[in-house]
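These notes concern the structure reproduced below.
Residue numbers (the numbering used here): 115 to 278.
Structural data, given as structure tokens:
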């Protein structure tokens, strides 16, 4: 499989940076093009009963914070791509759930592979909101490469040389 364009989905975590480095290496072995995607996710909290909902200034400030964070995440991927000598486009859509936008943008840009980090089944966010990596893996027609932190990998169910 010849990789013309690699989509790197990032949330700015250390694991996402490692995935970006791997994605850049893979892109460099092909046509050398990357699409960096960081979804700007605003976080709102429901007010306690009787409390007023956030005003429009607070809402706009949260949107700005989310966009700024997403831009910082893609800026990191842009720098990794620059150092690897590959071209990079950046996308920072605004959404509450990143998975659909990652898949959509990878398809729109004609990507051959999606690379992203995942924290695996022990991630508390997965229990609460669902795993972004799980969504992308289940809903993408494009192959997906998930990188895990080796320190978080579960031990195998077998021991070498011992039959069960």
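Note that the Cβ used here is the ideal one computed from N, Cα and C, for glycine as well.
Pairing residue 256 with residue 191 gives a Cβ-Cβ distance that is not under 7 Å. Residue 188 places its beta carbon less than 7 Å from that of residue 150. Going by beta carbons, residue 251 and residue 117 fall outside the 7 Å limit.
Per the C-alpha coordinates, the member of 127, 254 and 171 positioned closest to residue 183 is 127. In the DSSP annotation of this structure, the continuous segment of the alpha helix (DSSP H) that includes residue 191 starts and ends at 170–198. Contact annotation, residue 138 with residue 195: C-beta distance approximately 6 Å; criterion of less than 8 Å satisfied. In this structure, residue 261 lies near residue 133, with their beta-carbon atoms less than 7 Å apart.
Among the bridge pairs identified by DSSP, residue 204 is matched with 150. Burial check for residue 173: the Cβ neighbour count within 10 Å stays below 16, so the residue is exposed. For residue 259, there is no enclosing alpha helix (DSSP H); the residue is part of the beta strand (DSSP E) that begins and ends at 258–262.
Between residue 209 and residue 155 the beta-carbon gap is near 7 Å, inside 8 Å, which marks them as a contact. Closest option to residue 125, judged by alpha-carbon separation, among 186, 177, 119 and 171: 186. Comparing alpha-carbon positions, the option among 263, 212 and 200 lying closest to residue 231 turns out to be 263.
The criterion of a C-beta distance shorter than 7 Å is not satisfied by residue 214 and residue 246. Looking at the backbone, the Cα of residue 249 and that of residue 223 are separated by about 19 Å.
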